[in-house]
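Numbering (the working numbering), first residue to last: 22 to 343.
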């Protein structure tokens, strides 16, 4: 209920003098109309029946309207009462929405809209959300995976609270901040002979079955150039657009892959062996925030948690790849 939400509301009585009635009186009128009796209205409002009867009588006097007929200790709405109730319903629902919105803001019950590359929805964000939702269980998070350049176009259009991309260029109407930097790593089946090595070189991949990202993927293009420069030929048996898919194929002993370290880390305890690659293929995550969309407190808190998680994951990678 909204008792006390407003101290008073001005009304225009029949005699023309401006007088004040309380929101409590409106609330009592609402309660009687919706419950059908003074007794139930008093119980709903956690007050006494005499108080309800007294306040509704004062309300009628202030308005100069007869809202109820008193018959056999019951209140029957008059035509005036029914007409007023239609107006009160509209206003009351509006006040309820304002009240609920205020409570949602106060209690951190709000939503967060995130756009990201598909790989981040499968690796980084589940880790961040798991920690964040434990602290803020009433927050609703909407994650929309999207590839570049459409992701950057959405951020320019201010459609999301923030975005996560590998692109270091700052889209128009946004600011861009690096939150993670690392190198691509090698993923292998756990029984693969190369698992005995701490660092995999291009020469180690000669003649090896490879599960690769698609030929148009920028990381694949860099890897192909590295292998060509090293005069290494390997056999690509599977091509896929997803780093997670690479790991699933590696799990099935299909071949060896070179993918981003965060996806590899998420599979490191699931029968996938992760090793450093001797040639650096830089991988970064950049946070894109819109300039013309006000940042909410929940977005600020999530971004802070994101940065903490990125640092934590970086440390985990250092430990596993040492």
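Glycine included, each C-beta is placed from N, C-alpha and C at the ideal position.
Reference residue i; option with closest CA among the options
| i | options | result |
| --- | --- | --- |
| residue 270 | 222, 60 and 234 | 234 |
| residue 282 | 302, 273 and 272 | 302 |
| residue 216 | 153, 342, 238 and 91 | 342 |
| residue 160 | 319, 238 and 280 | 319 |
| residue 77 | 62, 68, 84 and 50 | 50 |
Beta-carbon proximity of residue i to residue j, cut-off 8 Å
| i | j | result |
| --- | --- | --- |
| residue 123 | residue 167 | no |
| residue 259 | residue 236 | no |
| residue 208 | residue 297 | no |
| residue 314 | residue 97 | no |
| residue 56 | residue 70 | no |
| residue 325 | residue 197 | no |
| residue 165 | residue 317 | no |
| residue 214 | residue 300 | no |
| residue 263 | residue 139 | yes |
| residue 86 | residue 103 | no |
| residue 348 | residue 142 | Outside the shown range of the chain, which is 22 to 343, sits residue 348, and nothing can be said about it. |
| residue 294 | residue 284 | no |
Segment limits, alpha helix (DSSP H) that includes residue i
| i | result |
| --- | --- |
| residue 256 | Note, residue 256: premise wrong, no alpha helix (DSSP H); beta strand (DSSP E) at 256 to 261. |
| residue 81 | 70 to 84 |
| residue 216 | Segment: none, residue 216 is in no alpha helix (DSSP H) and carries neither H nor E. |
| residue 12 | Look at the range of the chain in this structure, 22 to 343, and you will see that residue 12 is not part of it. |
| residue 173 | 171 to 177 |
Residues near residue i in its chain [Cβ-Cβ closer than 8 Å; skip 5 each side]
| i | result |
| --- | --- |
| residue 25 | Confidence at residue 25 is low in this model, with a pLDDT of 41, below 50, so its placement is unreliable and the value that follows should be read with caution. Within the same chain, residue 25 has close Cβ partners 44 and 45. |
| residue 193 | 177 |
Cut-off 7 Å between Cβ atoms - residues of its own chain near residue i, not counting five sequence neighbours on either side
| i | result |
| --- | --- |
| residue 255 | 226, 227, 228, 229, 231 and 248 |
| residue 11 | A query on residue 11 cannot be resolved here, the shown segment of the chain reaching from 22 to 343 and no further. |
| residue 328 | 200 |
| residue 93 | none |
Separation of residue j from residue i, as counted between CA atoms
| i | j | result |
| --- | --- | --- |
| residue 212 | residue 291 | 13 Å |
| residue 322 | residue 145 | 16 Å |
| residue 244 | residue 121 | 54 Å |
| residue 186 | residue 172 | 8 Å |
| residue 348 | residue 305 | Absent from the model: residue 348. The displayed extent of the chain is 22 to 343, so no value can be given. |
| residue 336 | residue 175 | 32 Å |
| residue 273 | residue 261 | 15 Å |
Close Cβ partners of residue i (< 6 Å) along its chain, the five nearest in sequence each way excluded
| i | result |
| --- | --- |
| residue 66 | 52 |
Residue range of the beta strand (DSSP E) that includes residue i
| i | result |
| --- | --- |
| residue 184 | 183 to 186 |
| residue 232 | 230 to 234 |
| residue 276 | No beta strand (DSSP E) contains residue 276, which DSSP labels as neither H nor E. |
| residue 204 | 195 to 204 |
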